[in-house]
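**Q** One structure coming up, written as structure tokens, with questions to follow.
Protein chains: 2
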Amino acid sequence: MTQTRAHRRLERPREQVLVAALEMIADQGLARVTMASLARRLGTSGGHLLYYFGTRNHLLLETLRWSEKGFADQRRPIVDSAEQQRKNQQGVEAMLAFAKVYLPVGDRDPRWLLWLELWARAPHDPELIAAQHGLDEEWHADLVRLLSSALPDLRDPQGTSTRLRAMWDGFAMAIVTGGGLATRGQALEHTRSLLAPQY
Amino acid sequence: MTQTRAHRRLERPREQVLVAALEMIADQGLARVTMASLARRLGTSGGHLLYYFGTRNHLLLETLRWSEKGFADQRRPIVDSAEQQRKNQQGVEAMLAFAKVYLPVGDRDPRWLLWLELWARAPHDPELIAAQHGLDEEWHADLVRLLSSALPDLRDPQGTSTRLRAMWDGFAMAIVTGGGLATRGQALEHTRSLLAPQY
DNA sequence: GCGCGAAGTTGAATGTCGTTCAAACTTGTA
DNA sequence: TACAAGTTTGAACGACATTCAACTTCGCGC
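Here you go:
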């Protein structure tokens, strides 16, 4: 099969490209990841990358998707373990563990730099909007499951998930744009506050 | 004075450029606002715009600043009126009025399209980071004043302001990237929920 | 082995940008 | 009226993403 042959030789190199892209984004910023520079780093040509990915935007979107796949694997055990416990004494702690996966590791977090780029380009672009929805939806589904089991007294898990993710997105942006506007630690503390408000 | 003469002839045309930029952003998107197309619309040349604004990024940043100035005028009466009332029965309503100024009017809101662009470009760029901080700080200061007077029982106005703005940023992004991921009305309802949580 | 079609790969060409800059043009003023 | 300072233009430049025609490699049936 042509498909088989193509894919046999493709899978690994494809990952190599995505890994290299993430690394370059992390230490040089998105703007400096050009077709030419990325190709040079991989010992190939810019035209070749476009042969596989079609456009630079597709390549970056693939990179984000691949990155997100890894984070899906990280959050799943948190959700699963919360669902298996009957009495959940550590509900808020499970939430914080989930938040730690969601939030950027620091400024320069390549995954979040890609998110900011996606947000900026998505308006007026149906394909990017759809991609954004898809990725968001996965987080939402898992977060609702976690909220339902970790904090079963919560009135509206759906709405709380939406509020939490909106706030996390805001903090993630602040963390990743840098300048100390917000830190990961502060974002986690604010998560605690939002979940256990006392006026 | 050279300065005087230059500015006498500059003030109005400068505003015309910013208005035209906002209009073009609203109906064509940021990417299609090029030096050449913006200049053509204004009956001038691309080189001329750069003579005044230095770079495209500066022009866009000026546009955002000028846009924000208008919104500062809109939120001030809300804060002032809340501070003048002793007993604040309508505390939450004042907050929603403030949120209505903060949030985008719809997708295509040019101010928020500029914010998304700023977020995407700010990492690795000290000047943009500083600009972002400055604008954020103004919203924060007014919001803390409003929270202190509109909801005086609130334990931590500073922290609540930070959480609210983070959430609003997240919703604003979702509204402006479009596709119905979030609406202005939903964002306002979530604001109500965050301020008056009941588990 | 051999040949042949399909897939992979390259780098030069193309078009669109933002930006630079030397030249031409205005304006205020002495 | 002349001159210096400020303004305006558009051609030229460099950096891009993207296209594409040519070339190479690969897999497979004979």
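Chains as they are written, first to last, in the numbering used here: chain H, 694 to 892; chain E, 694 to 892. By construction, the Cβ of each residue, glycine as well, lies at the ideal position given by its N, Cα and C atoms.
Using beta-carbon positions only, say whether D835(E) and V772(E) come within less than 8 Å of one another.
**A** Taking the second sequence and counting its residues from 1, the one referred to as residue 835(E) is at position 142. Taking the second sequence and counting its residues from 1, the one referred to as residue 772(E) is at position 79. Their beta carbons are under 8 Å apart, which means D835(E) touches V772(E) by this criterion.
**Q** What in chain H is Cβ-close to R870(E), meaning under 7 Å?
**A** Within the second sequence, the letter at position 177 stands for residue 870(E). The amino acid occupying residue 870(E) in the given sequence is Thr; Arg does not appear at that position. Neighbours of T870(E) on chain H, chain order: W812, A815, P816, I822, Q825.
**Q** How long is the line joining the alpha carbons of F764(H) and A859(H), rounded to whole angstroms?
**A** Mapped onto the first sequence, residue 764(H) falls at position 71. Mapped onto the first sequence, residue 859(H) falls at position 166. Whole-angstrom Cα-Cα distance: 18 Å.
**Q** On the DSSP letters alone, give me the boundaries of the alpha helix (DSSP H) that A815(E) sits inside.
**A** Mapped onto the second sequence, residue 815(E) falls at position 122. Per DSSP, A815(E) belongs to no alpha helix (DSSP H) and is neither H nor E.
**Q** At what residues does the alpha helix (DSSP H) containing Q851(E) begin and finish?
**A** The residue you call residue 851(E) lines up with position 158 of the second sequence. Element bounds for Q851(E): 850-870.
**Q** Please check if any C-beta of chain H sits within less than 8 Å of the C-beta of G747(E).
**A** By 1-based counting over the second sequence, the position of residue 747(E) is 54. Chain H contact via Cβ: absent.
**Q** From H883(H), S760(H), H751(H), P770(H), pick the residue whose C-alpha is nearest to that of A719(H); which is it?
**A** The residue labelled residue 719(H) in the question sits at position 26 within the first sequence. The shortest Cα separation from A719(H) among H883(H), S760(H), H751(H), P770(H) belongs to S760(H).
**Q** When the Cα atoms are used, what is the spatial distance from T853(H) to R848(E)?
**A** Counting from 1 along the first sequence, the entry for residue 853(H) is found at position 160. Counting from 1 along the second sequence, the entry for residue 848(E) is found at position 155. Cα to Cα, the separation comes out at about 21 Å.
**Q** What is the rounded straight-line gap between the Cα of V712(H) and the Cα of T884(E)?
**A** For the purposes of this step, residue 712(H) is taken as the residue at position 19 of the first sequence. For the purposes of this step, residue 884(E) is taken as the residue at position 191 of the second sequence. Roughly 39 Å between the two C-alpha positions.
**Q** Whose Cβ in chain H lies nearer than 8 Å to the Cβ of G739(E)?
**A** Position 46 of the second sequence, counted from the start, is the residue given in the question as residue 739(E). Those do not exist, as G739(E) stays about 21 Å from chain H at its closest Cβ, beyond 8 Å.
**Q** Within its chain, find whatever has a CB closer than 8 Å to the CB of Q767(E); leave out the 5 residues flanking it on each side and keep chain order.
**A** Numbered from its first residue, the second sequence carries residue 767(E) at position 74. Result list for Q767(E): V794, in chain order.
**Q** Look up R733(H) in the DSSP assignment and say whether it is helix, strand or coil.
**A** For the purposes of this step, residue 733(H) is taken as the residue at position 40 of the first sequence. Here R733(H) sits in helix by DSSP.
**Q** Give a single yes or no on whether A815(H) has its beta carbon closer than 7 Å to a heavy atom of the ligand MG.
**A** Questions concerning the ligand MG fall outside what the structure shown contains, since it holds no ligand whatsoever.
**Q** Please state whether DSSP places G747(H) in a helix, a strand or coil.
**A** Along the first sequence, one-based indexing puts residue 747(H) at 54. In this structure, G747(H) counts as coil in the three-state DSSP scheme.
**Q** Any idea if G799(E) is buried or exposed, counting beta-carbon neighbours within 10 angstroms, 16 or more meaning buried?
**A** Within the second sequence, the letter at position 106 stands for residue 799(E). Flag for G799(E) reads exposed.
**Q** Please decide whether F791(E) counts as near chain H, where near means a Cβ-Cβ distance under 8 Å.
**A** Walking along the second sequence from the start, residue 791(E) turns up at place 98. No, no contact with chain H.
**Q** Counting Cβ pairs closer than 8 Å, one from the stretch 862-872 of chain H and one from the stretch 819-838 of chain E, do we hit at least three?
**A** They touch, by the three-pair rule.
**Q** Classify D846(H) as buried or exposed, calling it buried when 16 or more other Cβ atoms lie within 10 Å of its own Cβ.
**A** Against the first sequence, residue 846(H) aligns to sequence position 153. D846(H) should be labelled exposed.
**Q** Assuming the contact rule is C-beta atoms closer than 8 Å, R838(H) and E776(H) should be a hit. Round their C-beta distance to whole Å, please.
**A** Numbered from 1 along the first sequence, position 145 holds the residue referred to as residue 838(H). Numbered from 1 along the first sequence, position 83 holds the residue referred to as residue 776(H). Indeed they touch by this definition, with Cβ atoms about 7 Å apart.
**Q** Report yes or no: is there a C-beta of chain E within less than 8 Å of the C-beta of M860(H)?
**A** Against the first sequence, residue 860(H) aligns to sequence position 167. It does; some Cβ of chain E falls within 8 Å.
**Q** By the 10 Å Cβ neighbour count, where 16 or more other Cβ atoms means buried, how is S842(H) classified, buried or exposed?
**A** Here residue 842(H) is taken as the residue at index 149 of the first sequence, counted from 1. Buried is the call here.
**Q** Would you tell me roughly how many angstroms separate the C-alpha atoms of L881(E) and A792(E), rounded to the nearest one?
**A** Walking along the second sequence from the start, residue 881(E) turns up at place 188. Walking along the second sequence from the start, residue 792(E) turns up at place 99. Going by the C-alpha atoms only, they are around 7 Å apart.
**Q** Using the Cα positions of R702(E) and E708(E), report the straight-line distance between them to the nearest angstrom.
**A** As a first step, residue 702(E) is located in the second sequence; it is residue number 9 there, counting from the start. As a first step, residue 708(E) is located in the second sequence; it is residue number 15 there, counting from the start. Confidence is the limiting factor: at R702(E) the pLDDT is only 45, short of 50, which leaves the residue's position unreliable, though a coordinate-based value still follows. Roughly 11 Å between the two C-alpha positions.
**Q** Find the residues of chain H that neighbour S730(E), judging by a C-beta separation of less than 9 Å, and give them in chain order.
**A** Translated into the one-based positions of the second sequence, residue 730(E) becomes position 37. Those within 9 Å of S730(E) in chain H number zero; the least Cβ separation is about 15 Å.
**Q** Any idea if A889(H) is buried or exposed, counting beta-carbon neighbours within 10 angstroms, 16 or more meaning buried?
**A** One-based indexing of the first sequence puts residue 889(H) at position 196. Burial call: exposed.
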